[in-house]
Structures are given as structure tokens and as C-alpha cells.
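Numbering-wise (numbering that gives the first Met the number 0), the sequence shown opens with residue 0 and increments by one. Glycine included, C-beta positions come from ideal geometry on N, C-alpha and C. The model shown is predicted, which means the values in this text are computed figures rather than measured ones. Below is one structure, written out as C-alpha cells; the observations come after it.
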Amino acid sequence: MSGAEEQLQQLRSKATELLLREEWRDSIQLYSELIDLCQSQISNTHQHSDPDHLSKLHKSLCVAFSNRAEARSKLQHFTQALNDCDQALQIEATHFKTLICKGKILLCLNRYFNALDCFKAALFDPQGNGNLDIVNGYLEKCKKLEFQSRTGSFDLSDWVLNGFRGKPLELAEYIGPVKVNRSEICGRGLFATKNIDAGTLVLVTKAIAIERGILGGQDSAENAQLVMWKNFIDKVKEAVTRCQRTQLLIDMLSTGENEAGLEVPDMSIFRPEIEENRCSNDQKLDMDKILSILDVNSLVEEAVSAKVLGKNSDFYGVGLWILVSFINHSCNPNARRLHVGDYVIVHASRDVKAGEEITFMYFDALSPLEKRVEMSLSWGFNCRCSRCKFEEAVCSKQELREIEIGLEKGVDVGGAVYRLEEGMKRWAVRGKGKGYLRASFWAAYAEVYGSDRSMKRWGRRIPAMETVVDSVVEVMGSDERLLKVVVEGLKKSGGVVEFERAMKLGRGFYGKVIKKQALRTLLEIGINDKGY
0 MSGAEEQLQQ LRSKATELLL REEWRDSIQL YSELIDLCQS QISNTHQHSD
50 PDHLSKLHKS LCVAFSNRAE ARSKLQHFTQ ALNDCDQALQ IEATHFKTLI
100 CKGKILLCLN RYFNALDCFK AALFDPQGNG NLDIVNGYLE KCKKLEFQSR
150 TGSFDLSDWV LNGFRGKPLE LAEYIGPVKV NRSEICGRGL FATKNIDAGT
200 LVLVTKAIAI ERGILGGQDS AENAQLVMWK NFIDKVKEAV TRCQRTQLLI
250 DMLSTGENEA GLEVPDMSIF RPEIEENRCS NDQKLDMDKI LSILDVNSLV
300 EEAVSAKVLG KNSDFYGVGL WILVSFINHS CNPNARRLHV GDYVIVHASR
350 DVKAGEEITF MYFDALSPLE KRVEMSLSWG FNCRCSRCKF EEAVCSKQEL
400 REIEIGLEKG VDVGGAVYRL EEGMKRWAVR GKGKGYLRAS FWAAYAEVYG
450 SDRSMKRWGR RIPAMETVVD SVVEVMGSDE RLLKVVVEGL KKSGGVVEFE
500 RAMKLGRGFY GKVIKKQALR TLLEIGINDK GY
């Protein structure tokens with residue numbers, strides 16, 4: 000064995016040992032040296048003088064690129080890893096290990112169709128004969144995720160019925176019929192491009208970064224939140240450093256200033272199958288800007304417009320989801336979100352018309368106007384949604400203020416609800432206006448409908464629970480508190496109509512990703528002797 004061959008052998012052995020020990024950075028360094036050495040020897044070897052030696056060098060080079068790709072992928076340096084895969088495949092187009100590695104990277108980048116091509120090609124490599132089950136497993140996974148991403152057909156039912164146990168759900172990235180545009184509410188917003196029924200998916204997306212923890216008492220909770228926030232910032236910084244595309248996506252988010260001057264991005268930039276990930280580790284970071292962006296755009300998992308499913312419901316979590324960050328607040332929202340693992344699933348909580356802006360409530364909008372104004376100011380803005388504008392005009396009436404003060408002082412809630420309903424008749428409040436005011440005083444309505452004593456006294460003098468709920472849902476979408484009142488009523492004396500109302504509300508709250516039997520489980524609705 001020549002000195003050069005011995006040097007190659009030693010480098011290859013050391014690099015492989017580091018790879019097996021999962022010392023990724025050190026193995027990358029040695030594989031880089033090995034690649035340089037192979038390329039140098041190839042350029043110095045005449046093809047006709049020693050074809051066998053040249054073939055061995057090419058084979059060593061292919062394996063070195065493939066193994067370096069694997070190590071880089073473990074560090075989530077995906078673009079560099081993909082470049083290595085492509086270099087290896089130029090040497091051996093059906094190299095089994097490289098095709099599997101490239102397919103797995105493309106899966107991580109949500110480029111399902113491209114990943115599918117890699118796994119299909121791996122089937123034709125003789126090396127794959129003993130690994131057909133593994134390859135077929137990846138093929139099935141790709142097909143499932145590609146179908147989800149293309150159609151928006153997600154089903155969490157089995158996971159729900161299994162008590163959220165088992166492996167974490169693997170979900171595809173999905174963008175429904177929406178686009179970013181200028182918003183009358185604030186800066187830019189997310190808008191429906193066609194009619195969307197209640198419960199229908201709007202988008203599914205994975206967090207750029209997320210941090211979770213358990214909060215204790217008040218003092219320890221504040222300290223825990225500060226530690227979590229620091230860890231979260233570090234994770235975002237790492238994600239941005241790793242990938243230029245991530246940095247570009249974050250960079251387009253609002254810092255809370257100059258909203259009118261911000262560019263409206265084309266939706267193609269959010270689609271991983273179309274846009275290439277171009278990563279760099281030497282990009283200069285503007286951390287002051289990133290901190291401002293995180294302050295404005297980060298989401299807390301356990302929020303009034305959100306529901307956390309699974310084991311993460313025991314934790315406090317904060318994360319950044321790019322496209323979700325474009326969704327503005329409204330006191331008559333039309334969307335909710337589910338948190339499943341590191342994914343956010345956004346769905347319509349009521350019917351949405353084409354051209355309508357998709358909105359969440361950032362704070363509890365089942366509250367009177369005065370409290371909503373206080374909460375909006377604490378968020379750093381003054382809400383000017385259609386509901387707030389309507390209530391500003393109506394709430395100037397002294398009688399409405401007296402009702403609110405009376406409820407704060409503990410007057411009979413049934414009487415307050417009756418007085419509000421009679422007032423709306425005198426003020427000629429109709430249609431959505433009734434829903435707005437009933438939403439503002441929902442706590443009083445819920446207390447009356449939940450009390451046999453109040454219903455005995457006031458039940459015939461105020462609208463039926465179903466009427467009030469329907470009017471609030473029309474303007475607010477489904478809400479857990481509305482759902483609770485409806486389900487409790489169903490359990491007391493419900494029939495088919497009441498059951499269907501509860502299920503419809505449930506779909507608006509949880510979305511159509513949870514089917515009938517699983518939804519019944521979440522709502523704790525048993526099957527009675529009539530079969531519903």
C-alpha cells in the first residue's frame with residue numbers, strides 16, 4: 000500500500016469512527032480532508048494508467064460526500080448536506096445510502112414530491128435489496144405527507160381516540176386558500192381567496208423555534224418565563240444562523256414600526272416545494288431587529304384563540320410560526336388554532352367569505368367594550384374592528400352602562416339579561432348587532448342558562464339558549480365557553496337537533512381534522528339509547 004493510500008485509509012477510518020460516535024462536527028472536518036485528498040489524487044491520476052485505482056478513488060469520494068451529508072444533516076445544515084448528496088450522486092447516480100439521506104433531508108424541508116423521487120430511485124439500487132421495508136416505509140410516509148400538503152386532508156381522530164398516546168404526529172406543511180395583503184386592521188394580514196366553511200383548514204405549519212416549560216408560583220413563574228424567553232431567542236438565532244431562507248422569512252415580519260411601508264410577500268415564498276433553501280453560516284445577524292420581531296410576532300400556545308392537544312397541554316410554550324404571524328386581531332374573529340406538537344393548525348371558526356381577512360382574538364373578546372379597550376391597549380394597539388365601532392355608538396347609551404355596573408355589583412343576572420334584551424328592542428339593534436352585545440355580556444347569559452333557579456324565573460322572558468348561542472357564533476365563531484353551555488344543555492335534555500348543534504360548534508372549535516367519534520370523545524358526549 001502506498002503512502003497516499005495509507006493516508007486515505009487512516010482518514011477514512013477516523014472519520015467513520017467519529018460518525019458512528021455521533022461526533023458530527025469532528026467527522027465533518029475529517030471527511031472534508033478526505034474529500035480534498037481524494038479529489039487531489041483523482042486529478043493527479045491518469046485514467047488510462049490505473050483505471051482500477053481511479054475507480055476506487057471515485058468510490059471513496061462518493062462515500063465521503065455521502066457520510067459528510069449525513070453528519071451535516073444531523074446538525075440541520077440541510078443545504079450543505081444536499082450539496083454533498085448531489086456531489087455523491089454525480090459519481091454514482093443510484094447510490095443507495097445517498098438517496099436515502101437526500102430523501103430524509105428533503106422530508107425535513109417539507110419537499111415531499113422531491114423526497115418521493117429519491118426513495119423511488121433507491122428501490123433500483125441493488126444495495127437496497129435488504130432494506131426494502133425501510134425504503135417502502137419512507138415511500139408511504141412521503142405519499143401521505145404529499146397528499147396532506149396538496150389536499151389539506153388531515154385526520155387526528157385516531158390519535159385523539161388513543162388518548163394522545165403513541166408517536167408524535169407527523170404532519171405536512173399546508174397552505175390553504177389564503178394570501179397576504181394590505182389590511183385595514185393593521186399593516187398586512189392574511190385573507191381568504193375563496194369561501195371557507197367553518198372548521199375547514201386554513202393552514203398547517205411547523206414552528207421555526209419553540210420553547211416550553213412548567214411555570215410555578217408568581218415569582219418563580221416570572222423567572223421561568225425569563226429563562227424560557229432567553230432559550231427561545233437562542234433557538235431562533237440558531238435557526239437563522241443555519242439557514243438564510245429562515246432569516247429572510249423572519250426578516251419580512253413586522254417590528255411594530257412602519258407597518259404601511261412593509262412589502263406584501265408573494266405566497267410562493269412560503270411554499271418549500273417551490274423555493275430553494277439557500278443557507279449560510281456567515282450571515283450577519285441584526286439581533287436588535289430580530290428581538291423586535293419576536294416581541295411582536297411570537298405566540299403563546301395556551302391562548303384564548305388556541306387549544307393545545309396532547310402532552311404539551313401541561314406546559315407553557317412560546318414559539319414563532321411565520322405565516323401565522325400575519326394574522327391580525329379582531330373582536331369578531333373567524334379563526335382558531337390547534338397546537339399539536341410543534342405544529343399550528345389554523346381553521347375557520349365560522350364561515351368565511353372570499354376576500355375576508357382571517358383573524359384571531361388576541362385577548363378575551365367575550366367581554367364588554369370597556370374591558371376590551373383596556374386589553375387592546377395593553378397589547379399596544381387600539382382595536383377598530385366593526386364590532387368595536389358598533390359598540391362605541393351603542394355603549395354611549397346610559398342604560399347599557401348601568402347594566403354593566405349592575406353586573407359588577409352583583410345584581411340578579413337574569414334581570415340584567417332581560418333588561419339588555421329589552422333595551423336592544425328599543426334601540427332597534429338587529430342582526431349582527433345583537434350578536435355583538437350578547438357576546439359582550441356572554442358571562443351573564445352563561446350564568447343564567449347554567450342555573451335552574453334563574454331559568455325558572457327568567458327562562459320564558461329571555462331568548463332561548465340556542466338563539467343566543469347562534470347569534471354569538473355568527474359574529475365570534477365557535478368558542479369553548481359557548482360549547483360548554485351547549486353540551487351541558489344537551490346532557491340535560493338534548494335531542495337530535497341539540498346534538499347536531501353541539502357537533503357543529505365542536506367542528507368550529509376543533510376543526511374538521513377531528514372526525515365525529517373523536518369529537519364526541521373530546522366533548523364528552525356519550526351515545527344514548529337513541530344512537531346519538
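Beta carbon proximity, residue i to chain D, threshold 8 Å
i	result
F112	The chain inventory of the structure shown lacks chain D, comprising one protein chain alone.
Close beta carbons around residue i, own chain, < 6 Å, minus the five adjacent residues each side
i	result
A68	A80, D83, C84 and C100
K13	L29
T15	none
D478	none
V351	A191, I195 and N333
K514	S156
Burial state of residue i, where buried means 16 or more other Cβ atoms lie within 10 Å
i	result
N257	exposed
A206	buried
P332	buried
W457	buried
V339	buried
N113	buried
A92	exposed
R519	buried
E356	buried
K96	buried
S439	buried
D124	buried
A208	buried
S219	exposed
G316	buried
T466	exposed
N327	buried
N66	buried
R11	buried
T536	Given that the chain is displayed from residue 0 to residue 531, the structure contains no residue 536 and the question cannot be resolved.
I213	exposed
Bridge-paired residues (DSSP) for residue i
i	result
Y342	K205 and V339
H52	Beta-bridge pairing links H52 to no other residue.
A347	A334
M327	Residue identity differs from the one stated: residue 327 is Asn in this sequence, not Met. DSSP, once it has assigned bridges, lists T358 as partnering N327.
V299	V317
Extent of the continuous alpha helix (DSSP H) to which residue i belongs
i	result
Y315	No alpha helix (DSSP H) contains Y315, which is instead part of the beta strand (DSSP E) from Y315 to L319.
E369	L368 to S377
E32	W23 to S42
I404	Q397 to K408
D85	F77 to I90
C387	S385 to V393
G493	Element bounds for G493: n/a, residue is neither H nor E.
F95	F95 to C107
K352	Premise fails: K352 is in no alpha helix (DSSP H) and is neither H nor E.
K515	K515 to L522
Where the beta strand (DSSP E) containing residue i begins and where it ends
i	result
V307	A305 to L308
E356	E356 to F359
Residue i CB to nearest heavy atom of the ligand MG below 7 Å
i	result
L225	Ligands in the displayed structure: none, and consequently the ligand MG is not present.
Own chain, CB closer than 8 Å to residue i, minus 5 neighbours either side, in chain order
i	result
E172	N109, S148, V203, T204, K205 and P271
F118	L98, I99, G102, V134, Y137, L138 and C141
V239	T245, Q246, I249, Q282, L284 and I289
F508	K306, R335, S348, S477, D478, E479 and L482
Own chain partners of residue i with C-beta closer than 7 Å, once the 5 adjacent residues on each side are dropped
i	result
S470	K433, G434 and R437
L431	Looking at the sequence itself, residue 431 is Lys, so the reference to Leu does not match. Cβ within range, chain order: E473 and V474.
Q40	A3 and L56
G405	A415
V263	V179, N180, R181 and R187
Note down, one range per segment and in chain order, each alpha helix (DSSP H) of at least 4 residues found wholly within the stretch 167 to 254.
-> Entirely contained in the stretch 167 to 254, the alpha helix (DSSP H) runs reaching 4 residues are, in chain order, 217 to 241 and 243 to 250.
What are the uninterrupted segments assigned as alpha helix (DSSP H) that are 4 or more residues long and contained completely in the stretch 410 to 490, given in chain order? Runs of alpha helix (DSSP H) with 4 or more residues, each lying fully within the stretch 410 to 490, are found at 412 to 425, 431 to 439, 441 to 448, 451 to 457 and 464 to 475, listed in chain order.
request  = Within the stretch 111 to 160, note down every full alpha helix (DSSP H) run reaching 4 residues or more, in order along the chain.
outcome  = Counting whole runs of 4 or more residues, the stretch 111 to 160 contains the alpha helix (DSSP H) stretches 111 to 121, 131 to 150 and 156 to 160.
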